[in-house]
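Below is one structure, written out as C-alpha cells, with a few remarks after it.
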Amino acid sequence: MHDDDTVEGGLRGLHSIAMSTETLRIIERVLRDRDIEFDYEALKLAMSNTDIKMAIQEWVEEHITPETLLNKEEENMYKLLVQSGDIEAFEEHDLSLIHNLHDHELQAAISDLQKSTAAIEKKSEALRMQQNALSALIKSEKRTKQSRSQTERAQIRKWDAEKSSIAAVISELTQNLICQSSDLEQQRNSAESNIKQVVEGIFQNDDKLLISFQKLADSLETNQPKYENIMANIKELCARYIKYTVESVRLRLDRVYLEALHSYSDSQGSQLNSQEESNLIEDLESLYTEILPVIQMSVEQEYLEPASKLGKSVNTRGHALTNKAVEYIQESLKFLTTRIESLLERARQFQCHRMAAEILLNTTKEELSNRELELNRKDPSQSVAEPPSLSHSKRRVSNFGEDIGAEQQLARNLGVTLPNYNDSNEASIASWEKLISEKTARLAIHASSLQSTTESCIASHLLDSHVALNLLLDSLLDKSAYGTIRMVDPDLQNAEELLEQDIRNLQDKLATLDLHELQTRNVRRDQIVERWSRR
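In this text, residue positions in the sequence shown follow full-length UniProt numbering: the first is 1, and each later residue adds one.
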C-alpha cells in the first residue's frame, strides 16, 4: 500500500513538471514571437515555485490564447493605425459588434472592391462622354434661344397690333355680360320669392291635412268600452236576477215541503221518523243544488246571448269603419311623404342652381370691377414699346405697365401662379400638372362637402316626416282596441302576465269538466222544475 502511494505521488510530480515545462515553453514562444525582452532564469525560477506555479498556469491558459493575443501581421497593422491616428476613430465605435473575418472573406471583399473600382472607372468614362455631349447641347441651346428671342420680338409686335381690336371686343362683351348679369340676378330674386311662397303654401296645406287626420283619428273611438260597460251591467243584472229567482224557488220549495209534511202528518196521524226525514232533506238539498244551473242556463239563453250578438254586430261595423279610415289616412300619409321627397329633390336642384348663379354673379362683378380699375389706372403714354434690346421682362413692364395681360388677370382671379416664360417645357408641364391636380382635389372636396350637406338636410327632413307619421299612427292605434299595448311599468306588466296565466288555468279547469254528464236527465230536478212551473 505504501508503494502504491509512492508511485502515485511520483506520477503526480512528473505530470506537474511536464505541465510547468509546457507552460514555460508557451510563455517563451509568445514573448519571442513579439520581440519582448525577458529573463529566462527568472521566469524558470518563478515556475519552479510551487506556491505560484498553479496561478501562473491558470493565467496562461486564460489569457495567452489566439483570441486574446495579436499575431505579427495584426501587430504591424495596429502600429500603422497608431502612427496614422486612425486608432482614435476606431475607439469611438463599439468593436464588439464587428465580426471576425477570415482570409477567404477578406479575399472576397478585395475582389468585390476591384470589381467596383472597374465599374466606377467605366461609369466615369461614360460621364465624361455625356459631359462632352451636354456641352455641345448647351451650345446648340444658346443658338436656339437667340433665334427664339428674335421670333418672340416679332410675335410681341404682332400682339401689340392685335391688342386694340381685342380691347374693343372685350368692351362689347363686357357690356353684354353686365346686361346678362342683371337679368340673372333679377330672375334669381324673383325665383327665391316664388319658391318660398309655393313651399309655404304646400306646407300649410299639409298642416291642415294632418290636423284633419288628427281630428279623424280622435273621432274614431270604438264602441268597445261602451259595449263592455253595457255587457257588464247586463251580466250584473242577470246575476242578481238569477240570485233572486233561486231564492224565491227555494222559498217555494220550502213552503211546499212544509205543507206536504203538515198534510201528511194530519192524514196519517203520526209524524215521520228520523230516517224518512233525513231522506227528504237530502232530496231537497240535491234539488237546491240543481236549481242554480237550470236558472242560469235559462237566463243566458233568454237575455245574455241576444245582447252579446247585438253588441258584436255593432262593434263589427265600428271596426270596419275604423279600418277604412286607417287605410285612407295611411294612403294619404304615403302620398304626403312622396310629395315631400319630390319637393326636397326639387329644392336641392334649386339650391344648386342658386349657388351656381351666385358664384357666376360674384365672379362677373369681380371681373367687371377689376376691369374698371384697370381702365381708370391705364396711362396711354405707358403703352409705347421699348427698344428691342431690352429683356423680355422689362419689355412686358414697359408695354403694359399696370395693364396686366388677360391670362395673368385670369390666373390672378383663379388664385393660381403661371409658370415662368424662361422655364423649360418639362418644368412648365410639371407646373401645370401640379396646378391642375390641386384644383381638381379642391373641387372634389367642395363637391363632397356640398353632397354631404345636401344629404344631411334631406335626411333630417325625411326623419321629421317619419317621426310625424309614427306619432300619428301611435295616436290612432291608441284609440283602437286592437292596438298592441306596451306597458311602461314592469310591475304592471308582470301583474298582467300573472292575470293571463290565472285565466288560462281557469280555462283549462273548465275544459276538464264533463258537459255531457251535466246535461244528463235528473228526475228529481225535473220534478221540482215541473212543480215550480205549475205554481
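In this text, a Cβ means the ideal position worked out from N, Cα and C, and glycines have one as well.
Test item: CB-CB of residue i and residue j under 8 Å
i           : j           : result
residue 177 : residue 364 : yes
residue 27  : residue 60  : yes
residue 333 : residue 461 : no
residue 291 : residue 249 : yes
residue 465 : residue 337 : yes
residue 537 : residue 303 : Lying before the first or after the last residue shown, residue 537 is absent from the chain, which here runs from 1 to 535.
residue 185 : residue 361 : yes
residue 325 : residue 210 : no
residue 64  : residue 30  : yes
Inter-residue spacing [alpha-carbon to alpha-carbon] between residue i and residue j
i           : j           : result
residue 452 : residue 342 : 19 Å
residue 173 : residue 179 : 10 Å
residue 439 : residue 449 : 15 Å
residue 393 : residue 427 : Any reading at residue 393 needs caution, since the residue's pLDDT is 40, under 50, leaving its predicted position unreliable; the model's value is listed next. Approximately 19 Å, taken between the alpha carbons.
residue 287 : residue 278 : 14 Å
residue 495 : residue 502 : 11 Å
residue 470 : residue 330 : 11 Å
residue 262 : residue 507 : 47 Å
residue 13  : residue 74  : With a pLDDT of 43 at residue 13, under the threshold of 50, the modelled position of that residue is not reliable, and the figure given next carries that caveat. Taking the straight line joining both Cα atoms gives about 39 Å.
residue 206 : residue 454 : 23 Å
residue 282 : residue 260 : 16 Å
residue 446 : residue 335 : 34 Å
residue 425 : residue 152 : 16 Å
residue 510 : residue 498 : 18 Å
residue 175 : residue 357 : 19 Å
residue 161 : residue 435 : 32 Å
residue 22  : residue 77  : 30 Å
residue 623 : residue 84  : The chain is shown from 1 up to 535; residue 623 falls before or after that span and cannot be answered.
residue 366 : residue 412 : 11 Å
residue 251 : residue 493 : 47 Å
residue 458 : residue 328 : 26 Å
residue 380 : residue 134 : Low local confidence applies: a pLDDT of 46 at residue 380 is under 50, so the model's placement there is unreliable, with the coordinate-based value given in what follows. Cα to Cα, residue 380 sits roughly 47 Å from residue 134.
residue 132 : residue 166 : 48 Å
residue 354 : residue 200 : 19 Å
residue 388 : residue 169 : Because the pLDDT at residue 388 is just 40, under 50, the model does not fix this residue reliably, and the value given afterwards should be weighed accordingly. Those two C-alpha atoms are separated by around 28 Å.
residue 127 : residue 114 : 20 Å
residue 241 : residue 468 : 52 Å
residue 112 : residue 119 : 10 Å
residue 239 : residue 293 : 12 Å
residue 339 : residue 456 : 19 Å
residue 218 : residue 463 : 24 Å
residue 196 : residue 441 : 35 Å
residue 41  : residue 33  : 18 Å
residue 539 : residue 109 : Nothing in the structure corresponds to residue 539, since the chain is present only between 1 and 535.
residue 129 : residue 429 : 29 Å
residue 369 : residue 181 : 13 Å
residue 52  : residue 71  : 28 Å
residue 163 : residue 155 : 12 Å
residue 198 : residue 504 : 60 Å
Cβ distance (whole Å) where residue i is taken to contact residue j below 8 Å
i           : j           : result
residue 472 : residue 203 : Residue 472 to residue 203, Cβ: 16 Å. No contact.
residue 284 : residue 253 : 7 Å
residue 24  : residue 45  : Not really, about 11 Å apart at Cβ, beyond 8 Å.
Contact test: residue i Cβ vs the ligand FMN heavy atom, cutoff 7 Å
i           : result
residue 503 : Summarising the ligand content, the structure contains no ligands, and the ligand FMN is consequently not present.
task: Evaluate contact between the region 237-246 and the region 290-302, counting only Cβ atoms and requiring at least three cross-stretch pairs below 8 Å.
output: The region 237-246 vs the region 290-302: in contact.
task: Decide yes or no for the touch test of the region 186-206 against the region 350-357: beta carbon pairs closer than 8 Å, at least 3 of them.
output: Between the region 186-206 and the region 350-357, the count of Cβ pairs shorter than 8 Å is three or higher; the stretches touch.
field: Contained beta strand (DSSP E) runs [length at least 3] in the region 197-256, N- to C-terminal order
entry: Taking 3 residues as the minimum length, the region 197-256 contains no beta strand (DSSP E) run wholly inside it.
task: With a floor of 4 residues, list each alpha helix (DSSP H) that falls wholly inside the region 306-357, ordered by position along the chain.
output: Counting only runs of 4 or more, we get nothing.
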